[in-house]
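Asker: Once you've had a glance at the structure underneath, I'll fire off some questions.
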Amino acid sequence: MKLTAVALLKYNGPDADPYILGFAADLSSFGFFQRSTVREMMTFVARTVARKTQTGQRQTVQQEDYFCHAFNNDGLDPAQADKLTKIQRDLDETKIILHKTIESVLDRGEKLDQLVDKSADLSMASQMFYKQIYVME
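Positions 192 to 328 (the numbering used here) are the ones given, in order, by the sequence shown.
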């Protein structure tokens with residue numbers, strides 16, 4: 192059995208044509224003037240079979256000596272399917288949250304420093320007030 196064409200399509204639902212992401216064909220076994228027609232037929236068949244294949248299903252269509260195999264992988268994002276990428280994304284999100292938390296703690300620390308300074312100023316003012324009252328008596 193000879194592999195004639197490979198196509199990668201993005202499924203857009205049962206009512207819309209799938210988008211062709213990649214298509215490669217070896218049409219050397221066909222006559223020169225037949226090649227464009229055969230390529231168009233392969234594209235048409237690939238789109239039709241991809242549109243008719245249910246989500247998560249595999250399907251094989253045979254016409255004489257030719258087969259068309261289709262697999263609809265439920266539209267999963269490759270990055271989502273890859274566990275390492277998912278773990279890395281989770282770590283990045285955790286890192287961002289930690290940075291925000293540290294920034295808020297530092298901001299609170301600065302506010303506490305300002306509060307300590309204000310309380311020291313108030314303490315000085317109250318001591319001066321106490322001294323002035325003591326001198327007046």
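The C-beta atom is built at its ideal place from N, Cα and C for all residues, glycine as well.
Between which two residues does the alpha helix (DSSP H) carrying residue 279 extend?
Answerer: Within the sequence shown, the letter at position 88 stands for residue 279. Start and end: 274-327.
Asker: Between the alpha carbons of residue 244 and residue 197, how many angstroms are there, rounded?
Answerer: Position 53 of the sequence shown, counted from the start, is the residue given in the question as residue 244. Position 6 of the sequence shown, counted from the start, is the residue given in the question as residue 197. Going by the C-alpha atoms only, they are around 17 Å apart.
Asker: Taking a contact to mean a Cβ-Cβ separation below 8 Å, would you say residue 238 touches residue 289 in this structure?
Answerer: Along the sequence shown, one-based indexing puts residue 238 at 47. Along the sequence shown, one-based indexing puts residue 289 at 98. Against a cut-off of 8 Å, the Cβ pair of residue 289 and residue 238 comes out as no contact.
Asker: Let me confirm a value: residue 215 is counted as buried when at least 16 other C-beta atoms fall within 10 Å, else exposed. Which label applies?
Answerer: Translated into the one-based positions of the sequence shown, residue 215 becomes position 24. When all chains shown are included, residue 215 counts as exposed.
Asker: Taking buried to mean at least 16 other C-beta atoms within 10 Å of its own C-beta, is residue 241 buried or exposed?
Answerer: The residue you call residue 241 lines up with position 50 of the sequence shown. It is buried - the Cβ of residue 241 has at least 16 other Cβ atoms within 10 Å.
Asker: If you follow the beta strand (DSSP E) that residue 251 is part of, which residue opens it and which one closes it?
Answerer: Residue mapping note: residue 251 aligns to position 60 of the sequence shown, counting from 1. From DSSP, the beta strand (DSSP E) with residue 251 extends over 249-254.
Asker: I'd like the span of the beta strand (DSSP E) that includes residue 201, first residue to last.
Answerer: The residue you call residue 201 lines up with position 10 of the sequence shown. It spans 196-201 - the beta strand (DSSP E) in which residue 201 sits, taken as one unbroken run.
Asker: What do you get for residue 233, buried or exposed, if any count of 16 or more other CB atoms within 10 angstroms of its CB means buried?
Answerer: To locate residue 233, count along the sequence shown from 1; it is residue 42. Residue 233 is buried by the Cβ-count criterion.
Asker: With DSSP collapsed to three states, give me the class of residue 215.
Answerer: The residue you call residue 215 lines up with position 24 of the sequence shown. In this structure, residue 215 counts as strand in the three-state DSSP scheme.
Asker: Helix or strand or just coil, what does DSSP make of residue 237?
Answerer: Start at 1 with the first residue of the sequence shown, and residue 237 comes out as number 46. Looking at residue 237 - three-state DSSP - the assignment turns out to be helix.
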